[in-house]
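**Student:**
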Amino acid sequence: MTSVLRSRVLLPLALLGVVGCEKEEPPRTVDIPVVALVGAEPFACGSTYTNVGTSKTTYEPMDFRVYVHDVRLLTTDGQEVPVTLEDNAWQHDGVALLDFANKDGLCTQGTEGMNMALKGTVPLGEYAGLRFRLGVPETLNHGDVSTAPAPLNDTGLFWSWRFGYLFTRIEGRTTGLPKGHVMHLGSTDCAPPPEGQTTGTAGCTNNNRPEVRLDTFNLETGKVVMDLGTFFAGSNLDTNATGTAEGCMSSQADSDCAPLFERLGLGFGAQAANPAAQSFIRAE
Numbered sequence: 001m002t003s004v005l006r007s008r009v010l011l012p013l014a015l016l017g018v019v020g021c022e023k024e025e026p027p028r029t030v031d032i033p034v035v036a037l038v039g040a041e042p043f044a045c046g047s048t049y050t051n052v053g054t055s056k057t058t059y060e061p062m063d064f065r066v067y068v069h070d071v072r073l074l075t076t077d078g079q080e081v082p083v084t085l086e087d088n089a090w091q092h093d094g095v096a097l098l099d100f101a102n103k104d105g106l107c108t109q110g111t112e113g114m115n116m117a118l119k120g121t122v123p124l125g126e127y128a129g130l131r132f133r134l135g136v137p138e139t140l141n142h143g144d145v146s147t148a149p150a151p152l153n154d155t156g157l158f159w160s161w162r163f164g165y166l167f168t169r170i171e172g173r174t175t176g177l178p179k180g181h182v183m184h185l186g187s188t189d190c191a192p193p194p195e196g197q198t199t200g201t202a203g204c205t206n207n208n209r210p211e212v213r214l215d216t217f218n219l220e221t222g223k224v225v226m227d228l229g230t231f232f233a234g235s236n237l238d239t240n241a242t243g244t245a246e247g248c249m250s251s252q253a254d255s256d257c258a259p260l261f262e263r264l265g266l267g268f269g270a271q272a273a274n275p276a277a278q279s280f281i282r283a284e
C-alpha cells in the first residue's frame with residue numbers, strides 16, 4: 001500500500017520536472033538586404049547617371065547614407081512584431097545605419113566601409129510584411145555625438161547647430177549644380193535645450209521621421225530597395241530656389257523640399273502628411 005501511494009506522489013512530480021525542463025524555441029535570425037538604385041541601375045560611387053529628375057540631368061553621387069529604427073515585421077494576420085537588431089558596428093540600441101557610399105569617385109565624405117543589411121532576430125512565426133522608420137529616435141537624437149557609440153558617432157551625420165542627426169544624407173553633383181545637390185533629412189525648428197541643460201532640445205516642431213510600410217515582403221527572398229530615380233522623379237536637380245541651400249535641408253521654407261517630402265510621405269506646408277504616398281522605398 002505504501003509503495004502504491006509513493007508512486008502516486010512521485011509520478012506527478014516527475015511530470016512537473018519534464019515540463020520544467022522544456023526549453024523556449026530559439027528566435028529566428030533575420031538578415032534583410034537593402035539595395036540602392038538609381039532607376040534601373042545599381043547605385044555606386046564613381047558612376048554617372050543620366051536622365052535624373054524632371055530636367056533629365058546627369059547625376060554623380062557624392063554620398064548616400066540613411067539611419068533607420070523601429071524595425072518591425074508584419075505577421076500574416078496583421079500583427080506587428082519588433083525586430084531585435086543585433087549590436088555591431090552598423091547597429092546599436094535599435095538604430096541601424098545603411099551606408100551605400102565608399103570612397104570611390106566624388107564620395108569623399110564618408111567611410112570606405114558600407115552596410116546594406118538589417119540584421120537581428122524575431123520570434124518564430126509566419127511573416128508577410130516589413131515596417132520601419134527613417135531617422136534616429138527622439139530618445140537618441142540629441143545626445144553628444146563625440147561620445148556616442150557607432151554608428152551614432154559620425155560627426156558628418158550630425159547637425160551640431162540643431163543638436164540632432166541627419167536622418168538621411170544624399171548628395172550628388174548635377175549639370176546645373178556642380179557644387180552638389182543635397183538632401184539632408186532631419187528634425188527642424190528645434191527649441192533650445194531645457195532649462196539647466198547645455199545640450200539637447202526642448203522639442204522639435206518638425207520631427208521628420210517617416211514610416212515606411214511594406215505590407216508585402218517575403219522574408220526568405222525579399223529585399224528593400226531605396227531608389228533615387230523614383231525619389232528625384234518630381235524634382236529639378238539643376239535649379240535651386242533663391243536664397244536656400246542647394247537642394248533640400250528639410251526647411252519648410254524651401255520649396256525644393258516639397259516633392260521630396262511628398263515621396264517620403266511627409267507633410268510640407270499646407271500639404272498634410274500622407275504615408276501612402278511614400279515611393280522612395282519599396283520591396284522587391
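Following full-length UniProt numbering, the numbering of the sequence shown begins with 1 at its first residue and continues without gaps. Even for Gly, the Cβ is constructed at its ideal location relative to N, Cα and C.
1. Using 8 Å as the Cβ pair cut-off and three pairs as the minimum, do the region 126-141 and the region 202-209 touch?
2. Counting C-beta neighbours from all protein chains within 10 Å, is the total for S187 16 or more, i.e. buried, or is it exposed?
3. Could you give the distance in angstroms between the alpha-carbon of L214 and the alpha-carbon of A117?
4. Taking buried to mean at least 16 other C-beta atoms within 10 Å of its own C-beta, is L130 buried or exposed?
5. First and last residue of the alpha helix (DSSP H) that includes P259?
6. Looking at the structure shown, is E25 part of a helix, part of a strand, or coil, going by DSSP?
7. Under a three-way DSSP split, which group does G229 fall into?
8. Check whether the region 73-93 touches the region 39-55, taking contact to mean three or more Cβ pairs, one atom from each stretch, closer than 8 Å.
9. Mark P61 as exposed unless 16 or more other C-beta atoms lie within 10 angstroms of its C-beta, in which case mark it buried.
10. Please state whether DSSP places T205 in a helix, a strand or coil.
11. Please confirm if the region 117-126 is in contact with the region 70-80, defined as three or more CB-CB distances below 8 Å between the two stretches.
12. Which value, in whole angstroms, describes the spacing of the CA atoms of G183 and A258?
13. What number of angstroms, rounded off, separates the C-alpha of A150 from the C-alpha of D144?
14. Give me the residue from D154, P82, E195 with the minimum Cα distance to D124.
15. Excluding five sequence neighbours on each side, which residues of the same chain lie with their C-beta closer than 6 Å to the C-beta of L5?
16. Around the C-beta of T201, are 16 or more other C-beta atoms found within 10 angstroms, so that it is buried, or is it exposed?
17. Any chance the region 233-249 sits against the region 168-178, with 3 or more Cβ pairs inside 8 Å?
18. Could you check how far apart the C-beta atoms of D63 and C107 are, in whole angstroms? I think they sit under 8 Å.
19. Classify T57: buried if its beta carbon has 16 or more other beta carbons within 10 angstroms, exposed otherwise.
20. Once you ignore the five residues that flank C45 on each side, which residues in its own chain have a CB closer than 6 Å to its CB?
21. Can you tell me which of the three DSSP states G247 falls into?
22. Let me know the beta strand (DSSP E) ranges lying completely inside the region 75-137, each 3 residues or longer, listed in chain order.
23. Between E284, R263, A283, which lies nearest to N274 when the distance is taken from Cα to Cα?
24. Under a Cβ-count criterion, where at least 16 other Cβ atoms within 10 Å of its own Cβ denotes burial, should A272 be classed as buried or exposed?
25. Return the CA-CA distance between T265 and P194, expressed in angstroms with no decimal places.
26. Does F280 pass the burial test, meaning 16 or more other C-beta atoms within 10 Å, or should it be called exposed?
27. Judging by CA-CA distance, which residue of E86, A283, T155 is the nearest neighbour of F217?
28. Can you grab the Cα-Cα spacing for the pair L219 / F232, in whole Å?
**Tutor:** The structure says:
1. yes
2. buried
3. 16 Å
4. buried
5. 258-264
6. coil
7. helix
8. no
9. buried
10. strand
11. yes
12. According to the sequence shown, residue 183 is Met rather than Gly. Cα to Cα, M183 sits roughly 12 Å from A258.
13. 12 Å
14. First, the amino acid is wrong: residue 124 is Leu here, not Asp. Nearest of D154, P82, E195 to L124, Cα basis: P82.
15. Bear in mind that the predicted position of L5 carries a pLDDT of just 48, short of 50, making it too unreliable to give a figure here.
16. buried
17. yes
18. 6 Å
19. buried
20. P61, A101, N102, D104, G105, C107
21. strand
22. 80-82, 95-99, 117-122, 127-134
23. R263
24. exposed
25. First, the residue type needs correcting, since residue 265 is Gly and not Thr in the sequence shown. Distance between the alpha carbons of G265 and P194: 30 Å.
26. buried
27. A283
28. 28 Å
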